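Novice: I'd like to ask some things about the structure below.
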Amino acid sequence: MKNLKRFKKGWGILPVAIFLMMWEIVARLNLIPGQCFFPSFSTVVMEFYYLSANKVLGPNFLSSLIRVLIGFSAGSIAGLLVGIIMGWKDVVNKALNPIVSLIFPIPALGWLPLLMLWLGIGEALPIAIIFICSFFPILYNTATGIRTVDKNYIQVARTLGASDMKILTSVVIPLALPNIFTGLRLESGMAWRVVIAAEMVAIPTGIGALMMKAESLMRMDIIIVCLVVLSVMCFSFEKMFAFIEAKLTVHLR
Amino acid sequence: MPSIRLENISKYVCRNVNLEVFNEEFLVLLGPNAAGKSTLLNVIAGLIKYKGSVLFDGIPVDQLLPSKRKIGYLFQDLNLFPHLNVTSNIAYSLKIQKQPQNEVERRVEELLQMMKIKHLASRYPKRLSGGEKQRVALARALAMAPDVLLLDEPLSSLDVQTSKYLRMELKQLHSSLGITTIYVTHNLTEAEEIADRIAIIESGHIEQIGEPEEVFFYPGSEKVADFIGAPNILDCTYCHSLSKGVVEVGCGGLSIIVPDDGNTVKKIALFPRDIYVSERKPPGPSINRFKGIITKISTVDNMVRVKVEAGGNQLTAEMQHHIYQDMDLVVGKEVFLILKLRSIKIYRDEER
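Line by line, the protein sequences are chains A and B.
Position 144, counted from 1, in the first sequence is what the working numbering calls 144; the numbers after and before it change by one each time, with no gaps.
Converting from the second sequence to the working numbering requires adding 1000 to each position, the first position being numbered 1.
Rendered as structure tokens:
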């Protein structure tokens, strides 16, 4: 039984293995014209090794990671705070909702030209972009989560003697966690997509910048290494929040 | 425990409602949906703003917050906090009041024992059955030892058996704790089983208030009579025991066999839904079967009511429309009425 379970778990790797094998075969047999545009899987793995060993990938990755962590943390904390206040206080919601509704649909990268002029090209630019990218969706999800908590729970807590602040912290926020985490999970991945875009356009360091340099040198293998790193980071961040969410909301589902 | 008085309460459908609930009484607020039952509970709890005055032991509490009114409130959906386990749900109010940890533990333990849910202490609400949730919610409502217990249709989502069992437990609990209790329901059987007094409310107006038998046998208005099922009330002129368990009573020209519990039967109530009409003489012994003449046929809410004159009494029987259509009933026709022994309600005098 245990073996069968292990086999079933391992079964998911098979399509990935087949894909990598096909990739290798197609590249090696030169089935796609212009081999330099289509490096084999093994070439990409070797390039990953060289970039890591020569301390090219590490510092660029670290630059991107720090930007994501700062921008995302600031955006999420601000989004959570404003979202909680908007969701809890109807008067604040009525005041801010029209503004948020107008700004929320603007794609994060749409702010780039404006921010380039306001902040200049430097570290603050990608951080600001990630902040904007995280802030609005997290605010929106948090406010919705707080607002949609069943009012009867609030009434129950009130009859049990809880103050408004206690109701918010002990009942409303815990019950809004699934919504709050939906925002955090989605935006944690999005922060990586945005930082790469910002670095590609304007910043000389980071994974995005490395990709742009590789493009000018026509180094497809480096570009693919960067894409894989990006994909792994998006996936890891989303999975990390999904894991925390599952732990914290296990009794709500 | 306090008596509760509502003076000229107006909120939503309720208009100038006056109501008095005695000290340690179990009052059932009975009425159809949207009659204003839950509104009155919310007013007493102070959960909504209202016009009028609520007095506990003659002292107005209108300015007090819900948390200061010493109220335990059991909501219809129970609303156990899903992120807290049973122990934490029960301890919620105690922790809010910042009681010492050992006092919290002692009180929770006491309530777990009282409600017979000790084995559920570490479970979360999603893993509890309907009856278990009900007990936990009640324990939570009782945690701060309230003076008044408000119960808003707490058993409505349970199956008949569990509901009946918990009703009995609730009544026992009330007797032992002596908390002034108001129980909201639209279920007549529930009200009858559990109430010291029943207040019938309709469209935000208290139509009648009295002991269950009083409400059944002396409905104060046509609305009340209709709500409780428009029973046929018959005065009994004589009553003598036939054997242990059954007694024969005389109502006009009819002698009816009813269950006996040693008391003199003064009146009986026959619900129209519990009287069967037959065009032919029913087989078997002619106990609680009577010949009569149809005097009126009317339709009420998709049901057909047939009024029959039998032994000098006007008895109304009720049947579904499709059954009526299968029969050939007309005014003036001779029919037979069959009464269900166990469905006859009895108004008794003191012991024989």
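The beta-carbon is built from N, C-alpha and C at its ideal position, and this holds for glycine as well.
This one's a predicted model, so the numbers in the text were calculated from it and none came from an experiment.
Work out the CA separation of residue 1343 of chain B and residue 1352 of chain B for me, nearest whole Å.
Specialist: On the second sequence, position 352 is the one that residue 1352 of chain B refers to. On the second sequence, position 343 is the one that residue 1343 of chain B refers to. Low local confidence applies: a pLDDT of 43 at residue 1352 of chain B is under 50, so the model's placement there is unreliable, with the coordinate-based value given in what follows. Distance between the alpha carbons of residue 1352 of chain B and residue 1343 of chain B is about 23 angstroms.
Novice: Using a beta-carbon distance below 9 angstroms, is residue 1029 of chain B in contact with chain A?
Specialist: Within the second sequence, residue 1029 of chain B is the residue found at index 29, counting from 1. Not one chain A Cβ lies under 9 angstroms of residue 1029 of chain B.
Novice: To the nearest angstrom, how far is the alpha carbon of residue 247 of chain A from that of residue 181 of chain A?
Specialist: Here residue 247 of chain A corresponds to residue number 247 of the first sequence, with the count starting at 1. Here residue 181 of chain A corresponds to residue number 181 of the first sequence, with the count starting at 1. C-alpha separation (whole angstroms): 11 angstroms.
Novice: Using 9 angstroms as the limit for Cβ to Cβ distance, is residue 1079 of chain B near chain A?
Specialist: Taking the first residue of the second sequence as 1, we reach residue 1079 of chain B at position 79. For residue 1079 of chain B, the answer is yes, since a Cβ of chain A falls inside 9 angstroms of its Cβ.
Novice: Taking its Cβ as the centre, do 16 or more other Cβ atoms sit within 10 Å of residue 1168 of chain B, making it buried, or is it exposed?
Specialist: Here residue 1168 of chain B corresponds to residue number 168 of the second sequence, with the count starting at 1. The residue is exposed, with fewer than 16 neighbouring Cβ atoms inside 10 Å.
Novice: Tell me which residue opens and which closes the beta strand (DSSP E) that residue 1264 of chain B is part of.
Specialist: Position 264 of the second sequence, counted from the first residue, corresponds to residue 1264 of chain B. 1263 to 1270 is the extent of the beta strand (DSSP E) around residue 1264 of chain B.
Novice: Taking Cβ-Cβ distances below 9 angstroms as the criterion, which residues of the region 131 to 159 of chain A are in contact with chain B?
Specialist: Taking 9 angstroms as the Cβ-Cβ cut-off against chain B, the residues of the region 131 to 159 of chain A that qualify are 150, 152, 153, 155, 156, 157, 158, 159.
Novice: Can you give me, in chain order, the residues of the region 198 to 218 of chain A that have a beta carbon less than 9 angstroms from any beta carbon in chain B?
Specialist: Within the region 198 to 218 of chain A, no residue has a Cβ that lies closer than 9 angstroms to any Cβ of chain B.
Novice: Applying the 10 Å Cβ sphere with the 16-neighbour rule, what's the burial state of residue 1244 of chain B?
Specialist: The residue you call residue 1244 of chain B lines up with position 244 of the second sequence. Exposed.
Novice: Tell me residue 1367 of chain B's beta-bridge partners as DSSP assigns them.
Specialist: Beyond the ends of chain B as shown, which are 1001 and 1352, falls residue 1367 of chain B; an answer cannot be given.
Novice: Which of the three DSSP states, helix, strand or coil, is assigned to residue 1082 of chain B?
Specialist: Against the second sequence, residue 1082 of chain B aligns to sequence position 82. Three-state DSSP puts residue 1082 of chain B in coil, outside helix and strand.
Novice: For residue 1196 of chain B, name the three-state secondary structure that DSSP assigns.
Specialist: Start at 1 with the first residue of the second sequence, and residue 1196 of chain B comes out as number 196. Residue 1196 of chain B falls in the coil class under three-state DSSP.
Novice: Let's see if you can read the secondary structure: which residues bound the beta strand (DSSP E) around residue 1336 of chain B?
Specialist: The residue given as residue 1336 of chain B occupies position 336 in the second sequence. Looking at the DSSP string, the run of the beta strand (DSSP E) that includes residue 1336 of chain B is 1334 to 1339.
Novice: Can you pull the chain A neighbours of residue 1047 of chain B, defined as C-beta to C-beta under 9 angstroms?
Specialist: Locating residue 1047 of chain B in the second sequence gives position 47, counting from the first residue. What residue 1047 of chain B touches in chain A: 155, 158, 159.
Novice: Grouping DSSP H, G and I as helix and E and B as strand, with all else coil, what is residue 1316 of chain B?
Specialist: In the second sequence, residue 1316 of chain B corresponds to position 316, counting from 1. Strand, per DSSP.
Novice: Grab the span of the beta strand (DSSP E) containing residue 203 of chain A for me, first residue to last.
Specialist: Working through the first sequence from its first residue, we reach residue 203 of chain A at position 203. Note, residue 203 of chain A: premise wrong, no beta strand (DSSP E); not H, not E.
Novice: Can you find a CB in chain A that lies within less than 9 angstroms of the CB of residue 1001 of chain B?
Specialist: Position 1 of the second sequence, counted from the first residue, corresponds to residue 1001 of chain B. No - not a single Cβ of chain A is within 9 angstroms of the one on residue 1001 of chain B.
Novice: Among B:1007, B:1173, B:1071, B:1219, which has the Cα closest to the Cα of residue 1114 of chain B?
Specialist: What you label residue 1114 of chain B is simply residue 114 of the second sequence in a count that begins at 1. Of the candidates B:1007, B:1173, B:1071, B:1219, the one whose C-alpha sits nearest the C-alpha of residue 1114 of chain B is B:1173.
Novice: If you check the beta carbons only, do residue 152 of chain A and residue 184 of chain A fall under 9 angstroms apart?
Specialist: Your numbering for residue 152 of chain A matches position 152 in the first sequence. Your numbering for residue 184 of chain A matches position 184 in the first sequence. No, they are not a contact pair.
Novice: Using only CA atoms, which one of B:1112, B:1136, B:1131 lies nearest to residue 1163 of chain B?
Specialist: Within the second sequence, residue 1163 of chain B is the residue found at index 163, counting from 1. Minimum Cα distance to residue 1163 of chain B is reached at B:1131.
Novice: List, in order along the chain, the chain C residues whose C-beta lies closer than 8 angstroms to that of residue 242 of chain A?
Specialist: Absence of chain C from the displayed structure is noted, the protein chains being A and B.
Novice: In the structure shown, what three-state DSSP assignment does residue 1060 of chain B receive?
Specialist: Along the second sequence, read from residue 1 onward, the residue named residue 1060 of chain B stands at position 60. Strand.
Novice: Strictly below 8 angstroms CB to CB, what residues from chain A border residue 1082 of chain B?
Specialist: Locating residue 1082 of chain B in the second sequence gives position 82, counting from the first residue. Neighbours of residue 1082 of chain B on chain A, chain order: 175, 251, 252.
Novice: Roughly how many whole angstroms lie between the Cα atoms of residue 204 of chain A and residue 196 of chain A?
Specialist: Position 204 of the first sequence, counting from 1, holds the residue named residue 204 of chain A. Position 196 of the first sequence, counting from 1, holds the residue named residue 196 of chain A. Near 11 angstroms, if we compare the C-alpha coordinates of residue 196 of chain A and residue 204 of chain A.
Novice: Against chain B, with Cβ distances strictly below 9 angstroms, would residue 162 of chain A count as a contact?
Specialist: Against the first sequence, residue 162 of chain A aligns to sequence position 162. Chain B contact via Cβ: present.
Novice: How big is the Cα-Cα spacing for residue 1027 of chain B and residue 1071 of chain B?
Specialist: Numbered from its first residue, the second sequence carries residue 1027 of chain B at position 27. Numbered from its first residue, the second sequence carries residue 1071 of chain B at position 71. Spanning the two alpha carbons is a distance of roughly 15 angstroms.
Novice: Under the assumption that residue 1212 of chain B contacts residue 1199 of chain B (Cβ atoms under 8 angstroms), give the Cβ distance between them as a whole number of angstroms.
Specialist: Position 212 of the second sequence, counted from the first residue, corresponds to residue 1212 of chain B. Position 199 of the second sequence, counted from the first residue, corresponds to residue 1199 of chain B. About 11 angstroms separates the two Cβ atoms, so there is no contact after all.
Novice: Does the Cβ-Cβ distance between residue 41 of chain A and residue 27 of chain A come in under 9 angstroms?
Specialist: What you label residue 41 of chain A is simply residue 41 of the first sequence in a count that begins at 1. What you label residue 27 of chain A is simply residue 27 of the first sequence in a count that begins at 1. Yes; because the gap between Cβ atoms is below 9 angstroms, this pair is in contact.
Novice: Helix, strand or coil: how does DSSP classify residue 1240 of chain B here?
Specialist: The count along the second sequence starts at 1 and reaches residue 1240 of chain B at position 240. Three-state DSSP puts residue 1240 of chain B in a strand.
Novice: Got a sec, what are the start and stop residues for the beta strand (DSSP E) residue 1289 of chain B sits in?
Specialist: What you label residue 1289 of chain B is simply residue 289 of the second sequence in a count that begins at 1. Residues 1289 to 1300.
Novice: Would you identify the three-state DSSP class for residue 140 of chain A, choosing helix, strand or coil?
Specialist: By 1-based counting over the first sequence, the position of residue 140 of chain A is 140. Residue state, collapsed to three classes: helix.
Novice: Are the C-beta atoms of residue 1004 of chain B and some chain A residue less than 9 angstroms apart?
Specialist: Numbered from 1 along the second sequence, position 4 holds the residue referred to as residue 1004 of chain B. Residue 1004 of chain B does not count as touching chain A.
Novice: Could you tell me which of A:154, A:85, A:220, A:190 sits nearest to residue 38 of chain A, measuring between CA atoms?
Specialist: As a position in the first sequence, residue 38 of chain A is number 38, starting the count at 1. Of A:154, A:85, A:220, A:190, the residue nearest in Cα terms is A:220.
Novice: From the DSSP output, in three-state form, read off residue 1007 of chain B for me.
Specialist: Along the second sequence, one-based indexing puts residue 1007 of chain B at 7. Reduced to three states, the DSSP call for residue 1007 of chain B is strand.
Novice: Please name the residue, chosen from B:1042, B:1143, B:1076, B:1124, that lies closest to residue 1091 of chain B on a Cα-to-Cα basis.
Specialist: Numbered from 1 along the second sequence, position 91 holds the residue referred to as residue 1091 of chain B. Of the candidates B:1042, B:1143, B:1076, B:1124, the one whose C-alpha sits nearest the C-alpha of residue 1091 of chain B is B:1143.
Novice: What did DSSP end up calling residue 216 of chain A once you bin it into helix, strand or coil?
Specialist: As a first step, residue 216 of chain A is located in the first sequence; it is residue number 216 there, counting from the start. Helix, per DSSP.
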